[in-house]
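Beneath this line is the structure, given in structure tokens, with notes to follow.
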């Protein structure tokens, strides 16, 4: 189990992911982990609940697409999931795909990225935990990531069903050790 937010939350995070705060500043409401050999990353965020939004998870997916200036977005599925943490009053997972260019590259160099998102509602503290994993689906030969992906073997197709199952298991491992995190 990896300590997040100063140990207030614990979660099983793959050993292949590195804590980004070791080499770059990360906002206080986020924990960010990234692979050193591919464009895979994981973001855990503490957020205020989305008000007046029928499907908060799709709202977050659309927000990420807008921030990333995605040229093509698609929600593949959404469904409820079980989380053992007693403070979580509702949880769901979304699988989607976005075409995103890196580092202000032109859109023509965009990579297809699988986006796995889980939203955990903590209604007692008027908070949500959003967990997002980005997995490269297709690396564009014009992308700055292409040479690195080829060298590391990361250009192989992602087994999406397996990735989703592992993501749901990871999210399900979340334990809140200190609810003071939520105020």
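Numbering (the numbering used here), first residue to last: 5 to 187.
Glycine included, each C-beta is placed from N, C-alpha and C at the ideal position.
Keep in mind the model is a prediction, meaning the values are calculated, not measured.
On a CA-only basis, which of the options is nearest residue i? Give me that one, please.
i	options	result
residue 120	178, 70, 101	101
residue 76	49, 45, 117, 169	117
residue 163	139, 32, 82	139
residue 178	87, 168, 62	87
residue 103	34, 69, 20	69
residue 142	30, 42, 182	42
Please name the residue or residues paired with residue i in a DSSP beta bridge.
i	result
residue 24	According to DSSP, which records beta bridges pairwise, residue 24 is partnered with nothing at all.
residue 84	96
residue 103	76, 116
residue 38	22, 45
residue 164	BP columns for residue 164 are empty, so no partner.
residue 121	98, 136
Any heavy atom of the ligand SAM closer than 7 angstroms to the Cβ of residue i?
i	result
residue 16	Summarising the ligand content, the structure contains no ligands, and the ligand SAM is consequently not present.
To the nearest whole angstrom, what separates the beta carbons of residue i and residue j, a pair I think is in contact under 8 angstroms?
i	j	result
residue 5	residue 23	That pair is no contact at about 14 angstroms.
residue 55	residue 63	Not a contact, Cβ separation roughly 10 angstroms.
Cβ atoms of residue j and residue i: under 8 angstroms apart, would you say?
i	j	result
residue 91	residue 180	yes
Original post:
Can at least three beta-carbon pairs, one atom from the stretch 165 to 184 and one from the stretch 123 to 137, be found at a separation below 8 angstroms?
Top reply: yes
Original post:
Any chance the stretch 5 to 17 sits against the stretch 41 to 50, with 3 or more Cβ pairs inside 8 angstroms?
Top reply: yes
Original post:
Counting Cβ pairs closer than 8 angstroms, one from the stretch 122 to 131 and one from the stretch 87 to 99, do we hit at least three?
Top reply: yes
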